[in-house]
Each structure stands twice: as structure tokens, then as C-alpha cells.
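Trainee:
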Amino acid sequence: MILPKEIILLKICQDCEGVIRLVDWFSSKNGFIIIMERPKNFMARLKSTNN
4 MILPKEIILL KICQDCEGVI RLVDWFSSKN GFIIIMERPK NFMARLKSTN
54 N
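Positions 4 to 54 (our numbering) are the ones given, in order, by the sequence shown.
(1) Tell me, which residues are paired with I36 by DSSP?
(2) Does the distance from the C-beta atom of M4 to that of L25 stay below 8 angstroms?
(3) Tell me which residue opens and which closes the alpha helix (DSSP H) that L12 is part of.
(4) F29 and I36: beta carbons closer than 8 angstroms?
(5) Answer with buried or exposed for L13, where buried requires no fewer than 16 other C-beta atoms within 10 angstroms of its C-beta.
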């Protein structure tokens with residue numbers, strides 16, 4: 004199985020400060036599901052565009 008670059012790069016950068024952490028990933032018949040942490044100062048994109 005060939006992994007997407009996003010998964011490979013997130014695994015490499017797990018210990019880099021300022022990089023969102025990769026929690027887990029799964030492969031499905033339609034592609035890949037990537038689960039990442041939610042940063043402390045998270046703001047939904049829709050909310051930020053309404054301000």
C-alpha cells in the first residue's frame with residue numbers, strides 16, 4: 004500500500020514544535036482518513052470568516 008505524502012510527513016514531524024499531531028489514520032475503499040489533534044486555540048474556519 005502506498006501512503007499519501009501527508010501521512011508520511013506528519014509522522015516525520017511528530018516531534019516538531021508547531022506541527023499538528025497525527026493521532027491516527029485509516030485506509031478505506033475510497034481513500035484515507037487522517038485524524039489529527041485539535042489545537043488549543045482552535046477556531047472554526049466558518050466562524051473566522053464571519054468576524
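Where is the CB? At the ideal position from N, CA and C, for every residue including glycine.
Mentor: From the atom records:
(1) By 1-based counting over the sequence shown, the position of residue 36 is 33. DSSP, once it has assigned bridges, lists F29 as partnering I36.
(2) Position 1 of the sequence shown holds residue 4. Position 22 of the sequence shown holds residue 25. Between M4 and L25, the gap from beta carbon to beta carbon reaches 8 angstroms or more.
(3) What you label residue 12 is simply residue 9 of the sequence shown in a count that begins at 1. Membership of L12 in the alpha helix (DSSP H) is indicated by the continuous run 8-15.
(4) Residue numbering aside, residue 29 sits at position 26 when the sequence shown is read from its first letter. Residue numbering aside, residue 36 sits at position 33 when the sequence shown is read from its first letter. Yes, the Cβ-Cβ distance between F29 and I36 is below 8 angstroms.
(5) What you label residue 13 is simply residue 10 of the sequence shown in a count that begins at 1. Buried, because 16 or more other Cβ atoms sit within 10 Å of the Cβ of L13.
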